[in-house]
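Quick look at the structure:
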């Protein structure tokens with residue numbers, strides 16, 4: 001099955017499959033080769049169905065990786081995740097109560113009584129209540145590695161997912177509190193063939209993500225891959 005076929009069959013988008021690959025919990029039996037996309041097998045389909053069910057049930061990719069590596073049982077993973085979700089729901093319920101109070105008080109942004117509500121939250125937290133964390137609000141979204149490139153031989157335009165050719169993901173934490181500085185490095189070597197002229201293209205370079213989830217810069221080189 002081609003990528004579009006399996007996405008339609010499972011009613012999921014390509015980003016979900018890419019996430020499973022990136023997190024190391026799914027590797028297709030027939031990965032992309034040259035300019036040919038992944039050819040998914042029936043076994044791949046069953047594997048993806050399992051991953052979709054588990055993730056829609058609330059398990060994370062990290063949970064599933066631990067299951068695959070035998071670090072915990074399914075029952076243990078479910079109990080831990082259920083406790084985490086229960087705590088998240090409680091935090092959101094407390095936030096809903098506070099939002100209702102703000103509406104009832106007819107608050108305005110220009111005249112917002114920060115001290116009053118700061119003290120309200122502090123008092124409730126002192127009693128053991130919790131409110132929404134930034135992790136509850138903002139999910140990580142990786143910078144897209146899909147780029148449009150031009151064949152140096154015939155000029156044909158290609159849309160390429162450079163994640164398929166990534167060989168390194170370097171990351172280091174900066175001291176300014178803005179999170180990790182990530183650089184994705186890739187090189188197609190002799191693995192990409194122009195679907196128009198059939199010549200080998202080499203695509204190499206890097207894409208920088210900084211701060212986390214935000215595009216910063218890139219250096220992508222597309223050259224002739226065949227040597228005379």
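Residue numbers (full-length UniProt numbering): 1 to 228. Virtual Cβ for every residue (Gly too), placed ideally from N, Cα, C.
| task | Flag residue 183 as yes when its Cβ comes closer than 7 Å to any non-hydrogen atom of the ligand GTP, and as no otherwise. | result | Among the ligands in the structure shown, none appear at all, so the ligand GTP cannot be discussed.
| said: Going by the DSSP bridge assignment, what does residue 222 pair with across the sheet? | reply: 203
| query | Over what stretch of residues does the alpha helix (DSSP H) that includes residue 117 continue unbroken? | reply | 114-126
| request: Count the other C-beta atoms from every protein chain shown that fall within 10 angstroms of the C-beta of residue 111, then say buried if there are 16 or more, exposed otherwise. | output: exposed
| query | Hey, out of 147, 7 and 25, whose CA is closest to residue 158's CA? | reply | 147
| query | Between which two residues does the beta strand (DSSP E) carrying residue 158 extend? | reply | That run of the beta strand (DSSP E) goes 157-161.
| task | May I ask you to verify whether the region 25-38 touches the region 72-79, counting CB pairs closer than 8 Å and requiring at least 3? | result | Fewer than three beta-carbon pairs drawn from the region 25-38 and the region 72-79 are found closer than 8 Å, and the two stretches are therefore not classed as touching.
| said: Spatial neighbours of residue 215 within its chain, please: C-beta separation below 7 Å, excluding the five flanking residues on both sides. | reply: 143 and 209
| said: Measuring alpha carbon to alpha carbon, tell me which residue in 113, 192 and 145 is nearest residue 182. | reply: 145
| query | What three-state label does DSSP hand residue 12 in the structure shown? | reply | Here residue 12 sits in coil by DSSP.
| task | Give the secondary structure of residue 140 by DSSP, where H, G and I count as helix, E and B as strand, and everything else as coil. | result | At residue 140 the pLDDT is 44, less than 50, meaning the model places this residue with poor confidence; the figure from the coordinates comes in the next sentence. Coil at residue 140, not helix or strand.
| field | Residue from 7, 85 and 95 whose Cα sits closest to the Cα of residue 52 | value | Residue 52 has its Cα closest to that of 7, out of 7, 85 and 95.
| request: Taking residue 165 and residue 188 to be in contact with their CB atoms under 8 Å, please state how far apart those CB atoms are, rounded to whole angstroms. | output: 4 Å
| Do you know how far the Cα of residue 192 is from the Cα of residue 98? | It is roughly 55 Å from the alpha-carbon of residue 98 to the alpha-carbon of residue 192.
| task | Could you check what DSSP says for residue 188 in three-state terms: helix, strand or coil? | result | coil
| Can you check whether the CB of residue 222 is closer than 8 Å to the CB of residue 106? | Contact: no.
| request: Determine the DSSP secondary structure at residue 165, reduced to helix, strand or coil. | output: helix
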